[in-house]
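Remarks on the structure that follows.
In my numbering, the protein residues as written are -11 to 133.
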């Protein structure tokens, strides 16, 4: 951190870092669970069955494509690499879980939308703010200056 940087800039850098750790740290293991079956995840075959259960097409390549989107966007958000685009892509993915959960009401304990909506808002915050100074995007900006 630059000691001469205004205090607000350090606060914004810290805030975006925390949002990236939360958002990317949430997406990445869930994506790897769908993609590779890690962390108790369903793997591609199980994810295809989940998609079918919710009325989505389950034929390949859709499960693979969605698992890759979640995994790669999670990693990119975590690192702050192409943050706005990565978070926007992830937000589209998460928005579908919000839509699926709407009929079950608000509370997540009953399958409602509050939990996925919270993650959607985290991702949309990163779309608005970008990766911040303490990100690979910030490093690229400083290198270009």
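For glycine and all other residues, C-beta sits at the position ideal for the given N, C-alpha and C.
Computed from a predicted structure; not experimentally measured.
By Cβ distance below 6 Å, which residues in the same chain neighbour residue i in space, the five residues on each side in sequence not counted?
i: residue 115; result: 72, 75, 76
i: residue 27; result: 17, 21
i: residue 96; result: 102, 103
i: residue 93; result: 100
i: residue 90; result: 101
i: residue 112; result: 79
Mapping DSSP to helix, strand and coil, what is residue i?
i: residue 97; result: helix
i: residue 3; result: helix
i: residue 10; result: helix
i: residue -9; result: Residue placement at residue -9 is flagged as unreliable, the pLDDT there being 48, under the threshold of 50; a coordinate-derived value is accordingly withheld.
i: residue -2; result: helix
i: residue 25; result: coil
i: residue 120; result: coil
What does a CB cutoff of less than 7 Å around residue i pick up in its chain, not counting 5 residues either side in sequence?
i: residue 119; result: 4, 8, 68, 71, 125, 126
i: residue 19; result: 55, 58, 59, 62
i: residue 15; result: 58, 61, 62, 65, 78
Comparing C-alpha positions only, which one of the options sits nearest to residue i?
i: residue 110; options: 62, 128, 97, 123; result: 62
i: residue 83; options: 33, 40, 106, 34; result: 106
i: residue 79; options: 25, 49, 12; result: 12
i: residue 43; options: 10, 85, 25, 65; result: 85
Between which two residues does the alpha helix (DSSP H) holding residue i run?
i: residue 79; result: 71 to 89
i: residue 62; result: 50 to 67
i: residue 36; result: 31 to 41
i: residue 113; result: 102 to 117
i: residue 132; result: 124 to 132
Using a Cβ-Cβ cutoff of less than 8 Å, which residues in the same chain neighbour residue i once the five nearest sequence positions on both sides are dropped?
i: residue 123; result: 4, 5, 8, 67, 68, 69, 71
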